[in-house]
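Asks: Structure incoming, see below.
There are 2 protein chains.
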Amino acid sequence: MTEGTQESAEMRAAVIELLGVLAYGEITAFERLAEDAKMAPTVDDKAALAAMAVAEFQHYTMLRDRISALGADPAAAMDPFIVPLDEFHVHTAPADWLEGLVKAYVGDGIAADFYREVAAHLDAVSRDLIVEVQRDTGHSAFVVDAVRAAIEHDPKVAGRLALWGRRLMGEALSQAQRVAAERDALSTMLVGSGTSPGFDLAEIGQMFNRITEAHQKRMALLGLAS
Amino acid sequence: MTEGTQESAEMRAAVIELLGVLAYGEITAFERLAEDAKMAPTVDDKAALAAMAVAEFQHYTMLRDRISALGADPAAAMDPFIVPLDEFHVHTAPADWLEGLVKAYVGDGIAADFYREVAAHLDAVSRDLIVEVQRDTGHSAFVVDAVRAAIEHDPKVAGRLALWGRRLMGEALSQAQRVAAERDALSTMLVGSGTSPGFDLAEIGQMFNRITEAHQKRMALLGLAS
Numbered sequence: 008m009t010e011g012t013q014e015s016a017e018m019r020a021a022v023i024e025l026l027g028v029l030a031y032g033e034i035t036a037f038e039r040l041a042e043d044a045k046m047a048p049t050v051d052d053k054a055a056l057a058a059m060a061v062a063e064f065q066h067y068t069m070l071r072d073r074i075s076a077l078g079a080d081p082a083a084a085m086d087p088f089i090v091p092l093d094e095f096h097v098h099t100a101p102a103d104w105l106e107g108l109v110k111a112y113v114g115d116g117i118a119a120d121f122y123r124e125v126a127a128h129l130d131a132v133s134r135d136l137i138v139e140v141q142r143d144t145g146h147s148a149f150v151v152d153a154v155r156a157a158i159e160h161d162p163k164v165a166g167r168l169a170l171w172g173r174r175l176m177g178e179a180l181s182q183a184q185r186v187a188a189e190r191d192a193l194s195t196m197l198v199g200s201g202t203s204p205g206f207d208l209a210e211i212g213q214m215f216n217r218i219t220e221a222h223q224k225r226m227a228l229l230g231l232a233s
Numbered sequence: 008m009t010e011g012t013q014e015s016a017e018m019r020a021a022v023i024e025l026l027g028v029l030a031y032g033e034i035t036a037f038e039r040l041a042e043d044a045k046m047a048p049t050v051d052d053k054a055a056l057a058a059m060a061v062a063e064f065q066h067y068t069m070l071r072d073r074i075s076a077l078g079a080d081p082a083a084a085m086d087p088f089i090v091p092l093d094e095f096h097v098h099t100a101p102a103d104w105l106e107g108l109v110k111a112y113v114g115d116g117i118a119a120d121f122y123r124e125v126a127a128h129l130d131a132v133s134r135d136l137i138v139e140v141q142r143d144t145g146h147s148a149f150v151v152d153a154v155r156a157a158i159e160h161d162p163k164v165a166g167r168l169a170l171w172g173r174r175l176m177g178e179a180l181s182q183a184q185r186v187a188a189e190r191d192a193l194s195t196m197l198v199g200s201g202t203s204p205g206f207d208l209a210e211i212g213q214m215f216n217r218i219t220e221a222h223q224k225r226m227a228l229l230g231l232a233s
């Protein structure tokens, strides 16, 4: 095997891992949003969260089909990420409707930022797909309005929800770290290897800074300290 | 008010009630299918049930928009049906993945038959919409295959699932009866009044016969006694 094909085989493995974690992330997001929709105070609110869930499922099918198009098995590609993503959701089960809304908005935002950063390292088709599925579907304006209205109605909830937002960020980082430590192909793509391009360590630091700043902006938009 | 406008006001009220029960039925179906998807043995199975949930949500949005287009408030139109439909789901919570599949298939089928029968009495736009949202989306072939495979693998499950199918039919009829007893406009549309067309009692009997026969055919297709 020449060095070129070795390198492209590694890249392909990394792309499939990335699509796998994204796909499983989307279908669990579907499930959790549908679950959280049960706590909605009105049918309109329920429908708004359900619409977000539906968008996640449509993203799932696009990612799954891309994995198949690359000649890989979607179930196998998703398998390594079932435990860390399920654990993220178990550790961040919202206690009420407002926590569910904040999780939908903040969780979606962190995931979108991370994948957009990583997508820069992919082939054009996979990159465009990831940018497409992570594009804000406009549903989140509903969350911002609802959370701000709740804080206006009862300023005390802001403290609780701010803590909740910090916990979401902490759990997301801890599961991301776990995934990176266990998945060689993915982390090699991130940090690069002798022959393939990747982030260097300074760039990884900058990437996490950008993601943290974007998170703080989202919290501020909700009216919450971060 | 002339007799003609009186009659058309009654008809409009009945149409809005019908669209209201359908809309709330669709959004609860979305919720329950998404909930039941959690019991899926594989990610593929989960995605198949999630796809059925997504189709139900899309139907919900079409029905809600039609209620608005008729100048009525969707939330108010759905309100009377929250209790009976929620009770139907509480009384028929599946104990496992197979019961969830049978409920998805049989419940969907009974609802579709009923609404197709009633749709004949509606204005053309509402009728076409109801036929459209109740059209089999093709997802149910997945249920038939999965249930038949499970019975082949372990013939004992057929007895339990056959009982489950009868219970679903019983609960559906008992909640339908409750709705008909409480909603004057809907039941007037069904049985007709002095001036407006409707089913006569013999026709209602025939309608229930047709729905029961269709249910028996679906159970047979699943490999279950009814």
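Here the protein sequences line up with chains A and B, keeping their order. Taking my numbering, I'd label the letters of the first sequence as residues 8 to 233. Taking my numbering, I'd label the letters of the second sequence as residues 8 to 233. Glycine included, every Cβ here is placed at the ideal spot set by N, Cα and C.
Going by C-alpha to C-alpha distance, which of B:A41, B:A84, B:M69, B:E42 sits closest to A192 (chain B)?
Replies: The candidate whose alpha carbon is nearest that of A192 (chain B) is B:A84.
Asks: Measure from the C-beta of E106 (chain A) to each C-beta in chain B and report whether the shortest distance is under 8 Å.
Replies: no
Asks: Go to A232 (chain B), then tell me how far its alpha helix (DSSP H) extends in each direction, as first and last residue.
Replies: A232 (chain B) -> no alpha helix (DSSP H), and no H or E assigned at all.
Asks: Compare the Cα-Cα distances from R39 (chain B) to each of A:Q182, A:E17, A:A57, A:A36 and report the closest residue.
Replies: It is A:A57.
Asks: Given that K110 (chain B) touches chain A, what residues does it touch there, using C-beta distances under 8 Å?
Replies: Within chain A, no residue has its beta carbon less than 8 Å from that of K110 (chain B); the closest one is some 16 Å off.
Asks: Assuming A179 (chain A) contacts I117 (chain A) under a Cβ cut-off of 8 Å, what Cβ separation, rounded to an integer in Å, is found between them?
Replies: 5 Å
Asks: Report the three-state DSSP secondary structure of R225 (chain A) (helix, strand or coil).
Replies: helix
Asks: Quick check: the Cα distance between A105 (chain B) and R173 (chain B), rounded to an integer number of angstroms?
Replies: First, the residue type needs correcting, since residue 105 (chain B) is Leu and not Ala in the sequence shown. Cα to Cα, the separation comes out at about 15 Å.
Asks: According to DSSP, is T68 (chain B) helix, strand or coil?
Replies: helix
Asks: Should the stretch 59-66 of chain B be called in touch with the stretch 118-134 of chain B, which here means at least 3 C-beta pairs below 8 Å?
Replies: A contact between stretches requires three or more CB pairs, one per stretch, nearer than 8 Å, and the stretch 59-66 of chain B fails this requirement with the stretch 118-134 of chain B.
Asks: Could you give the first and the last residue of the continuous alpha helix (DSSP H) run that contains K110 (chain A)?
Replies: 104-126
Asks: Could you say which of B:R190, B:H160, B:V150, B:M214 lies nearest to R225 (chain B) if we only look at CA atoms?
Replies: B:V150
Asks: Against D51 (chain B), what residues of chain A qualify as contacts under a CB-to-CB distance less than 7 Å, listed in chain order?
Replies: A82
Asks: Which same chain residues end up closer than 8 Å to T99 (chain B) when comparing Cβ atoms and leaving out the 5 residues on each side of it in sequence?
Replies: K110, G114, R174, L175, E178
Asks: I74 (chain A) to E210 (chain A), Cα distance in whole Å?
Replies: 28 Å
Asks: Which one of A:Y31, A:N216, A:A169 has the shortest CA to CA distance from E94 (chain A)?
Replies: Looking at the Cα atoms, A:Y31 is the closest of the given residues.
Asks: Taking the beta carbon of P4 (chain B) as the centre, do at least 16 other beta carbons fall within 10 Å, making it buried, or is it exposed?
Replies: A question about residue 4 (chain B) goes unanswered here, because the residues of chain B that appear run from 8 up to 233.
Asks: Which residues of the stretch 38-72 of chain B have a Cβ closer than 9 Å to any Cβ of chain A? Give them in chain order.
Replies: E38, L40, A41, E42, A44, K45, T49, V50, D51, K53, A54, A57, A58, A60, V61, F64, Q65, Y67, T68, R71
Asks: Name the two residues that bound the continuous alpha helix (DSSP H) containing L129 (chain B).
Replies: L129 (chain B) -> no alpha helix (DSSP H), and no H or E assigned at all.
Asks: Determine the chain A residues that contact M85 (chain B) at a beta-carbon separation under 8 Å, and present them in chain order.
Replies: V50
Asks: Identify the continuous alpha helix (DSSP H) that holds D152 (chain A) and give its terminal residues.
Replies: 147-160
Asks: Among the residues of its own chain, which have a CB less than 8 Å from the CB of R19 (chain A), if the five just before and after it don't count?
Replies: L77
Asks: Would you mind telling me which residues of chain B sit closer than 8 Å to I34 (chain A), beta carbon to beta carbon, in chain order?
Replies: Near I34 (chain A) (Cβ distances below 8 Å), the residues of chain B are V50, K53, A54, A57.
Asks: How many Å lie between E33 (chain A) and A188 (chain B) at the Cα?
Replies: 43 Å
Asks: Might you give, ordered along the chain, the residues of its own chain that have their beta carbon closer than 8 Å to the beta carbon of V6 (chain A), omitting 5 neighbours on each side?
Replies: Here chain A comprises residues numbered 8 to 233, so residue 6 (chain A) is not present and cannot be evaluated.
Asks: Going along the chain, which residues of its own chain have a beta-carbon closer than 6 Å to the beta-carbon of V239 (chain B), five neighbours each way excluded?
Replies: Examination of residue 239 (chain B) is not possible in this model, given that chain B is present from 8 through 233 alone.
Asks: If we ignore side chains and look at the alpha-carbon of each, how far apart do Q141 (chain A) and L25 (chain A) end up?
Replies: Q141 (chain A) and L25 (chain A): Cα-Cα distance of roughly 13 Å.
Asks: Using 10 angstroms around the beta-carbon of V97 (chain B), count the other beta-carbons present and answer buried if the total reaches 16, otherwise exposed.
Replies: V97 (chain B) is exposed by the Cβ-count criterion.
Asks: If I follow the unbroken alpha helix (DSSP H) through G172 (chain B), where does it start and stop?
Replies: Residue range 164-189 is occupied by the alpha helix (DSSP H) that includes G172 (chain B).
Asks: How many whole angstroms separate the CB atoms of A79 (chain B) and I137 (chain B), which I take to be in contact at a CB cut-off of 8 Å?
Replies: Not really, about 16 Å apart at Cβ, beyond 8 Å.
Asks: Can you give me the C-alpha to C-alpha distance between K2 (chain B) and P81 (chain A), rounded to a whole angstrom?
Replies: Outside the displayed range of chain B (8 to 233) lies residue 2 (chain B), so it cannot be described from this structure.
Asks: If we define contact as Cβ-Cβ less than 8 Å, is W104 (chain A) a contact residue for chain C?
Replies: Among the chains of the structure shown, chain C does not appear; the protein chains present are A and B.
Asks: Just curious, the alpha helix (DSSP H) that D93 (chain A) is in, first and last residue?
Replies: Element bounds for D93 (chain A): 89-98.
Asks: Give the range of the alpha helix (DSSP H) segment to which A84 (chain A) is assigned.
Replies: 81-85
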